[in-house]
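Engineer:
There are 6 protein chains.
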Amino acid sequence: MMLPALRPVIYADFIERALREDLGRGGDLTTDATIAADALADGFILARAEGRLAGLDIARAVFEKLDPALKVVELSIDGQDLAAGQRILKIHGSARSILTAERTALNVLARMCGVATLTRAYVRAVQGSGARIVDTRKTTPLMRALEKYSVRCGGGYNHRFALDDSVLIKDNHLVAAGSVEAAVNAVRRGVGHTVKIELEVDTLEQLEQGLEIGIDVVLLDNMDVATLRRAVELVDGRAITEASGGITLDTAAAIAATGVDLMSVGALTHSAPALDLSLDLVS
Amino acid sequence: MMLPALRPVIYADFIERALREDLGRGGDLTTDATIAADALADGFILARAEGRLAGLDIARAVFEKLDPALKVVELSIDGQDLAAGQRILKIHGSARSILTAERTALNVLARMCGVATLTRAYVRAVQGSGARIVDTRKTTPLMRALEKYSVRCGGGYNHRFALDDSVLIKDNHLVAAGSVEAAVNAVRRGVGHTVKIELEVDTLEQLEQGLEIGIDVVLLDNMDVATLRRAVELVDGRAITEASGGITLDTAAAIAATGVDLMSVGALTHSAPALDLSLDLVS
Amino acid sequence: MMLPALRPVIYADFIERALREDLGRGGDLTTDATIAADALADGFILARAEGRLAGLDIARAVFEKLDPALKVVELSIDGQDLAAGQRILKIHGSARSILTAERTALNVLARMCGVATLTRAYVRAVQGSGARIVDTRKTTPLMRALEKYSVRCGGGYNHRFALDDSVLIKDNHLVAAGSVEAAVNAVRRGVGHTVKIELEVDTLEQLEQGLEIGIDVVLLDNMDVATLRRAVELVDGRAITEASGGITLDTAAAIAATGVDLMSVGALTHSAPALDLSLDLVS
Amino acid sequence: MMLPALRPVIYADFIERALREDLGRGGDLTTDATIAADALADGFILARAEGRLAGLDIARAVFEKLDPALKVVELSIDGQDLAAGQRILKIHGSARSILTAERTALNVLARMCGVATLTRAYVRAVQGSGARIVDTRKTTPLMRALEKYSVRCGGGYNHRFALDDSVLIKDNHLVAAGSVEAAVNAVRRGVGHTVKIELEVDTLEQLEQGLEIGIDVVLLDNMDVATLRRAVELVDGRAITEASGGITLDTAAAIAATGVDLMSVGALTHSAPALDLSLDLVS
Amino acid sequence: MMLPALRPVIYADFIERALREDLGRGGDLTTDATIAADALADGFILARAEGRLAGLDIARAVFEKLDPALKVVELSIDGQDLAAGQRILKIHGSARSILTAERTALNVLARMCGVATLTRAYVRAVQGSGARIVDTRKTTPLMRALEKYSVRCGGGYNHRFALDDSVLIKDNHLVAAGSVEAAVNAVRRGVGHTVKIELEVDTLEQLEQGLEIGIDVVLLDNMDVATLRRAVELVDGRAITEASGGITLDTAAAIAATGVDLMSVGALTHSAPALDLSLDLVS
Amino acid sequence: MMLPALRPVIYADFIERALREDLGRGGDLTTDATIAADALADGFILARAEGRLAGLDIARAVFEKLDPALKVVELSIDGQDLAAGQRILKIHGSARSILTAERTALNVLARMCGVATLTRAYVRAVQGSGARIVDTRKTTPLMRALEKYSVRCGGGYNHRFALDDSVLIKDNHLVAAGSVEAAVNAVRRGVGHTVKIELEVDTLEQLEQGLEIGIDVVLLDNMDVATLRRAVELVDGRAITEASGGITLDTAAAIAATGVDLMSVGALTHSAPALDLSLDLVS
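Residue numbers (the working numbering), protein chains in the order written: chain R, 1474 to 1756; chain F, 1474 to 1756; chain D, 1474 to 1756; chain U, 1474 to 1756; chain L, 1474 to 1756; chain X, 1474 to 1756.
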């Protein structure tokens, strides 16, 4: 798996704000009162449940941001499967620092691993088909870059990052434009040549109109399996096909079997449970 | 329900960043190309599933931040139950603006309602007992204020907001301090008089030590129902009792029946699925 | 001309920082010492040279940000041609406020109009051909959204907004990947389905390899007119063609005549002279 | 040439924002898909045209900010002349990092060198006279510190940095105050003793009034060469003289010959074309 | 004295802004013009008056932020007494950097030491009694974390950090709630279990009502010594007692002798004179 | 008194951060639990001691920022004297909002009035002489603009705002440059024409050297009254004279009588006690 580079310049500010959110104005009252400033310890982050790793660099950066003197060693790699009980990060240094940064690091990492783990489940559910699992824009505010990266770690692919990087013509745009043809033409006149045009269709009639005027991707919205299969036949390679709407782990395989190229799942980012992680301190 | 005031000064910056995350540098390519700048519309946010409302002011603020000319009317109140299909926010004005702000508004609101709805389920599960459902610090980074407010909307209560507003002595602090007595005394020497002291205990022995030295709250960690019951008897009103660790909707009633004062549930904020919401446009 | 919406949430922070840059810690020493706090005036921004308007909303926002009590009226519309001497913005209110905001407003507006005016010149130079003038990523740091919008006001089109919204395979990527085929396949495996793939080629051989493997756009780098013409014939509609490299107002027409679809010009944003604007005060 | 220190604390935030503007949410799609995470390379920034160097530290900081593991070596010094083809910065390390930071680094550096190079042309045009070339406040928003430093690298001098560091009484201030005398007296009463007073005059009559009341600097606005010469004689060393208004490379020498102390040129910062730079990768 | 950890993540942004406030856009004009870029020097911060040290890490961070190449050595420890003339920080490196950072470093450090020194005076005034000196929320905006830490360095203790970490029921809250009982009950219903409840009382009657309903802390507002003594007797250990209102160094001992647990002094942070510090340069 | 305009763009961000510092993540626990969301009240800020007003707009802005629905009326004007007991600001609206914003508003206003009041005392002490009282750069970090404005409200004048708006050659610069002449010449070569040059001298010999080479302002550092008098005679109008160093309210008149033009007092901003203010609520 060739993962994209998640640059610190993208998440450094996020980490700092998250630490300040947890430290407040007074810092870690409990730790500062009970643990000596010069006490040293080793800490290990470990998975308490089986899952897929995503975000190890960011967890590491949380500890290093709180205390640059901490020595942090990554014991696995994003995109790897984790066994329950597996150690994934070692932190050596000030016991105070390790405990003070713990919760912020875990909160970010558990969410990212949660997204990767749920994505992996969908990817496995469609294995053997040619369908790719893709995400949506239904992400946690201010975490889109982190969550879309986590989807990649889970074996999924990214749909558009935001409103400005590709076109997705939905029902309201069609109504405003007057017709599929008018909408697509307006987009062609207005947007740059680097932008792909995707059309959301509810019916096979709309699909035919879209294919006629020519589009790059067609989003087949909330269609049942039979309709999806006919839609794929109708498209016949003239556009990329994307099934969308209420796809669950139970229905994923059947949908994938229709031959769609893509299956987009909002739940990957809006409803993934956190992976269960903990930090063990060895003093 | 007397809800705390969630001040715009707390979430305004969050909203702006979230909008910028979705608009990027080029804005809403699709909408700007297909819908006229002067087209007007009415939009309604509605619940597609039954749930509990939290965050309506913030959703409203998203639309008003994107376009101050939009007229936004709240059709319900935070803390209210929502029926499936119920309209909760009306937006009138530029059709472009409504569609461009839609996803950011829904992403925040669906997450907040998700937390409130899951909290409500736990609150209902323990109804009739005296136990309060409380949250933890296992929140989404940068959303702690919003999520803890959502817990309140769901009928739950808040545990500490951060590391600097109350003391929670855990295992690692005890080890460093040497004993329960030493740890509690160190805290008393070090922290201010406005700060409550909570002690996490794994065993009834630890609990007795804590009660002897005197603590405000005791966190009973991962104890089974029988042990919890004995712990409550042992405490006998000398401290507030909090059950914690893997509490599910299935086990909640039994735990509440032990007589504990509080039950803390990390899942309220780290694993609540988003409530299903949508925006309907009426042009 | 259907212009995209340039949302305040994109430029509000930019404007505030720009005002603070000019006011420093002490504000407008001269104005505050010589003009009474309650003196009123009318100010007009006018073009001192012929050109194309871009950024009027932003100029307006500068005045309103400095002093919300100012009444600002826009006297033209972005994308319109301006005659020398034409008034484009009227500001009524505190004379102090008008003078203090003047330079910041003019600095932003003059640069945006400069970009629009230069773009217009290129667009006129290729008029009658089917070629579109497009911008590049060679923009002023922190002004990309404003400058790409200005290009639209000048009649041009936007190339990609940033590194994350489309693929442009250049020489270094080809070398690293080993071949055109390997590079394109790596991209197809790695990036989402909403992303178009553009290939930069120096020779007709590379072009043929690209067409064979299948690409969306081909960037014909620094080719002379004869080679461009052959490249267009070779492509024969199988990809969008973009001429790039040192295109000047003198050479633009000849290049457009080769039949290329796009001509990208870095100078639109990195070297456009500011349009000459001034503010007249009528007290 | 003794250059001022351009401190990272001034430009660090600017650089981070510029990188985020170009990386967006998804980062460098092309590079991350085609180049292995562990591939190493050497990159060289070189001048493709003759010019004057300004901003090398900032370019270096862009690369180091994106990837602290890069080794960056400066091959020249700000304020030096550059030959076409001359290498000015060497970067060793991750090939991905070098390519991802390239455009942001070049965009800043090309603009700064552009300002320095145009300044140098004006300085050379007045060589032999005693006149200094000075800048104005007509700078790119948020780049004032960088552009005024670039003017210094080009051999020019800085006019005031902002509204709060010296007084420049213009026409509108005179009208509001009632007379030159009233305006100057108001300023003397109001502003601190560290602030110099400059008066803009359109006519020799105004100049005489200014000299009578006593001013530090006189801005001779849009005067022809003959009038400038008479103004210089009239001043006779009682104030610093500054010629301003539409000074071009063609007219600069004649204006300098009038004996003015300073010539201020807005074009140095508002209309300097970028210097042509490129990055070569050697893998 | 076991001091809390004052984490860089809390003050790093503050320091950067403070440096930018003093450097402006042009930096240190005087130093950059008179001192060579490669001149080295040793600088020492020393106390010119006797006092208590607080904030040495922050002063160090100011120098390191301006110029990471400076070598800074701390010669004392926060919470230590300083003799007049004592050296407390050594800085080695660029003479320019030392002089440019000097004022910002001294401004922060002198204020923090001032707070610590005044706190120490109050602590000494009540020595021998059991009373703790505590601070208030009357702090310098944006310096609360730093000033409350300084109070600790002076031997004092912290009252609540902010509005969200404990409850203090004042007169206006009582009036709104209707009675002491109603107010306390409302708070118990509304706030979390980790929050202590403090009641401000003006009279012994109010005190009795408070004790009856049960509160954690009682603030005895502006009572004379005789009344305070009776209040302490009345409370008889049922709540923590805090004297507040106009306590001076002259009256502190008598108030402490009444047996109150706490004495809160707003002047610690709102009116502490800066400690006299200077920087000596040895070149 | 013609006061400079203190623009919201300068202090808006400061106010927001200050409010967030006091509200934390949970807001005003006490107020939100005891006061109904729809309860209305009138609040009055009043002076509890005699003093000079500065910062009323900022106090108003704090309330309006927390709750834009509050109606705030200013009852006095910056620069006016305040009697003990005088009402200076009226706030009408949500009782919750008034109480929640109270402390932040008072903290800013009390500090600004404190600076103005102490400045007024110095100004009165030198009344009848021609000497101006001026401030220094010894200000509270991030409050320089507010504190220097407060000095103006107190009748004082501003020294330079920061390192970049005028030159002050001190001992270390002289040592580095080699001589007074060398230092002044270096500055003349290096800095812009809008910048005044001030020289700090310890002895009359240094003063003579400075006068010979020509300087704008001379800072007479820590001289006794007799030496100051001789220095003023020596200068004889050739430069502005500034006495500095340990000037107290007791010594001010005598120093003013030496004929110096300026007396700079660091204590105005680093050690001014807060003015005693309070907020009364009338429900």
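Where is the CB? At the ideal position from N, CA and C, for every residue including glycine. Here the structure is a predicted model, which means the values were calculated and not measured.
Which residue comes first and which comes last in the alpha helix (DSSP H) that contains X:Glu1547?
Structural biologist: Run containing X:Glu1547: none in the alpha helix (DSSP H); it sits in the beta strand (DSSP E), Lys1544 to Glu1547.
Engineer: So, is the C-beta of X:Asp1697 closer than 7 Å to a C-beta in chain F?
Structural biologist: No, X:Asp1697 lies away from the interface with chain F (no Cβ there is under 7 Å from its Cβ).
Engineer: Under 7 Å between the Cβ atoms of D:Thr1609 and D:Gly1718?
Structural biologist: Result no, Cβ atoms of D:Thr1609 and D:Gly1718 do not sit closer than 7 Å.
Engineer: Are the CB atoms of F:Asp1734 and F:Ile1713 within a distance shorter than 7 Å?
Structural biologist: Against a cut-off of 7 Å, the Cβ pair of F:Asp1734 and F:Ile1713 comes out as a contact.
Engineer: Have a look at U:Ser1744 and U:Leu1722 and give me their C-alpha separation to the nearest angstrom.
Structural biologist: Looking at the two C-alpha atoms, the distance is approximately 13 Å.
Engineer: Unbroken alpha helix (DSSP H) runs of length 4 or more, entirely within the stretch 1564-1616 of chain X: which are they?
Structural biologist: Listed in chain order, they are 1568-1598.
Engineer: Quick one: Cα of F:Thr1724 to Cα of F:Gly1552, how far?
Structural biologist: Whole-angstrom Cα-Cα distance: 25 Å.
Engineer: Under 7 Å Cβ-Cβ, which residues of chain R neighbour F:Arg1490?
Structural biologist: Those within 7 Å of F:Arg1490 in chain R are Leu1615.
Engineer: Would you mind stating whether L:Ile1564 and L:Ser1549 have Cβ atoms separated by less than 7 Å?
Structural biologist: Taking 7 Å as the Cβ cut-off, L:Ile1564 and L:Ser1549 do not qualify as a contacting pair.
Engineer: Check whether chain F comes within 7 Å of X:Arg1711, counting only Cβ atoms and requiring the distance to be less than that.
Structural biologist: So no, X:Arg1711 is outside the interface.
Engineer: Drop a sphere of 10 angstroms on the beta-carbon of F:Glu1654, count the other beta-carbons inside from all chains shown, and report buried for 16 or more, exposed for fewer.
Structural biologist: Exposed.
Engineer: Which residue wins for smallest C-alpha separation from U:Ile1571, given the options U:Arg1498, U:Ala1510 and U:Asp1697?
Structural biologist: The shortest C-alpha separation from U:Ile1571 is found at U:Ala1510.
Engineer: Who are the near neighbours of R:Arg1584 in its chain, counting only those whose CB is closer than 7 Å to its CB and skipping five residues on each side?
Structural biologist: These residues qualify, in order along the chain: Ala1747.
Engineer: With a CB to CB cut of under 8 Å and the five nearest residues on each side skipped, what residues in its chain are close to U:Ala1485?
Structural biologist: For U:Ala1485, where only same-chain residues beyond five positions count, the Cβ hits under 8 Å are Ala1534 and Lys1538.
Engineer: By Cβ distance, which residues of its chain are closer than 7 Å to R:Ala1514, with the 5 residues on each side in sequence left out?
Structural biologist: Same-chain partners within the cutoff: Ala1568, Ile1571, Leu1754, Val1755 and Ser1756.
Engineer: Considering only residues of the stretch 1476-1521 of chain D, which uninterrupted alpha helix (DSSP H) runs meet the minimum length of 4 residues and lie entirely inside it, listed in chain order?
Structural biologist: Complete alpha helix (DSSP H) runs here, min 4: 1481-1496 and 1502-1507.
Engineer: Quick one: is F:Thr1611 buried, meaning 16 or more other Cβ sit within 10 Å of its Cβ, or exposed?
Structural biologist: The sequence shown places Lys at residue 1611 of chain F, rather than the Thr named in the question. Classification of F:Lys1611: buried, given that the 10 Å Cβ count is 16 or more.
Engineer: Can you look up U:Glu1523 in the DSSP assignment and give me helix, strand or coil?
Structural biologist: Coil, per DSSP.
Engineer: Measuring straight from C-alpha to C-alpha, what distance separates U:Ser1751 and U:Leu1519?
Structural biologist: When rounded, the distance between both Cα atoms is 6 Å.
Engineer: When we look at the beta-carbon of D:Gln1682 and count the other beta-carbons within 10 Å, is it buried (16 or more) or exposed?
Structural biologist: It counts as buried.
Engineer: Return the bridge partner residues of L:Ile1531 from the DSSP annotation.
Structural biologist: Answer is none; L:Ile1531 lacks a bridge partner.
Engineer: Just to confirm the assignment, what range does the beta strand (DSSP E) spanning D:Val1690 have?
Structural biologist: Per DSSP, D:Val1690 belongs to the beta strand (DSSP E) from Val1690 to Asp1694.
Engineer: Among F:Ala1729, F:Val1690 and F:Lys1621, which one has its Cα closest to the Cα of F:Gly1710?
Structural biologist: When each option's Cα is compared against that of F:Gly1710, the closest is F:Val1690.
Engineer: Using a beta-carbon distance below 7 Å, is U:Phe1634 in contact with chain L?
Structural biologist: Chain L, which has a Cβ nearer than 7 Å to the Cβ of U:Phe1634, makes this yes.
Engineer: Output the distance between the C-alpha atoms of L:Gly1497 and D:Lys1643, rounded to the nearest integer angstrom.
Structural biologist: Rounded to the nearest angstrom, the two C-alpha atoms are 41 Å apart.
Engineer: Let me know if D:Asp1697 comes out buried or exposed under the rule of 16 or more other beta-carbons within 10 Å of its beta-carbon.
Structural biologist: When all chains shown are included, D:Asp1697 counts as exposed.
Engineer: Going residue by residue through the stretch 1628-1715 of chain F, where are the continuous beta strand (DSSP E) segments of at least 3 residues, counting only ones entirely within it?
Structural biologist: Runs of the beta strand (DSSP E) inside the stretch 1628-1715 of chain F: 1640-1642, 1670-1674 and 1690-1694.
Engineer: Alpha carbon to alpha carbon, how far is D:Ala1726 from X:Val1660? Give it in angstroms, no decimals.
Structural biologist: Rounded to the nearest angstrom, the two C-alpha atoms are 53 Å apart.
Engineer: Using only CA atoms, which one of D:Asp1505, D:Pro1481, D:Val1482 and D:Leu1741 lies nearest to D:Tyr1630?
Structural biologist: Checking every option, the nearest Cα to that of D:Tyr1630 belongs to D:Leu1741.
Engineer: Against chain F, with Cβ distances strictly below 7 Å, would X:Gly1450 count as a contact?
Structural biologist: There is simply no residue 1450 of chain X to check, as chain X begins at 1474 and stops at 1756 in what is shown.
Engineer: Taking buried to mean at least 16 other C-beta atoms within 10 Å of its own C-beta, is U:Pro1614 buried or exposed?
Structural biologist: Label assigned to U:Pro1614: buried.
Engineer: Once DSSP output is grouped into helix, strand and coil, what is the label at D:Ser1751?
Structural biologist: D:Ser1751 falls in the strand class under three-state DSSP.
Engineer: Taking Cβ positions, are L:Arg1593 and L:Arg1525 nearer each other than 7 Å?
Structural biologist: In this structure, L:Arg1525 lies closer than 7 Å to L:Arg1593 by Cβ.
Engineer: Spatial neighbours of D:Asp1554 within its chain, please: CB distance less than 7 Å, with the 5 preceding and 5 following residues excluded, ordered by chain position.
Structural biologist: Once the five neighbours on either side are set aside, the close Cβ partners of D:Asp1554 are Arg1525.
Engineer: Based on the DSSP output, what are the partners of R:Leu1735 in its beta bridges?
Structural biologist: DSSP, once it has assigned bridges, lists R:Arg1605 and R:Glu1715 as partnering R:Leu1735.
Engineer: When you compare the CB of D:Lys1451 with every CB in chain R, is at least one pair closer than 7 Å?
Structural biologist: Since the first residue of chain D shown is 1474 and the last is 1756, residue 1451 of chain D is not available in this structure.
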